[in-house]
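If you use UniProt numbering, the sequence shown closes out at 91, no skipped numbers anywhere. C-beta: ideal position from N, C-alpha, C; glycine also. Here is the structure we will look at, set down as structure tokens.
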Amino acid sequence: MGPLNAGGYDGPTWSIASTSVRIAGTLNNQCYISEVLEPVVLPYLQGLATAIFQQDNARPHVARVVQRFFVSSITRLNCFPGRLALRIFRR
1 MGPLNAGGYD
11 GPTWSIASTS
21 VRIAGTLNNQ
31 CYISEVLEPV
41 VLPYLQGLAT
51 AIFQQDNARP
61 HVARVVQRFF
71 VSSITRLNCF
81 PGRLALRIFR
91 R
């Protein structure tokens, strides 16, 4: 998939490139980690100089196990402050 124009109004626009992940069945927090975060998101973020990873308030995205996964993964990736910013919304 190529870059997508994500604007559609008179303000600034930007291009994004994204990978789609098809999940068979219901997405729970363990599935989110094993089928989305580990194989897709973390390798992608490793290749970026800086990034803001933002997700919505869906239950699998804000589960404590997912938040702990991010904390341990950032340490494992040797990310330093300023290299990677994660924005995780809490309820």
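By the beta-carbon neighbour count (other beta carbons within 10 angstroms, threshold 16), Ile-33 is buried.
Around the beta carbon of Leu-37, 16 or more other beta carbons lie within 10 angstroms, which makes this residue buried. Spatial neighbours of Ala-63 in its own chain (CB-CB distance under 6 Å, excluding positions within 5 residues in sequence) are listed in chain order as Asn-29. Distances from the CA of Pro-39 to each of Arg-22, Ala-49 and Thr-26 were compared; the closest alpha carbon is that of Arg-22. In the DSSP assignment, Gln-55 falls outside any alpha helix (DSSP H) and carries neither an H nor an E. Here Leu-42 is near Ser-73, since their CB atoms are less than 7 Å apart. DSSP places Val-40 within a helical segment (H, G or I) once states are collapsed to three. The C-alpha of Asn-57 is placed about 18 Å away from the C-alpha of Val-71.
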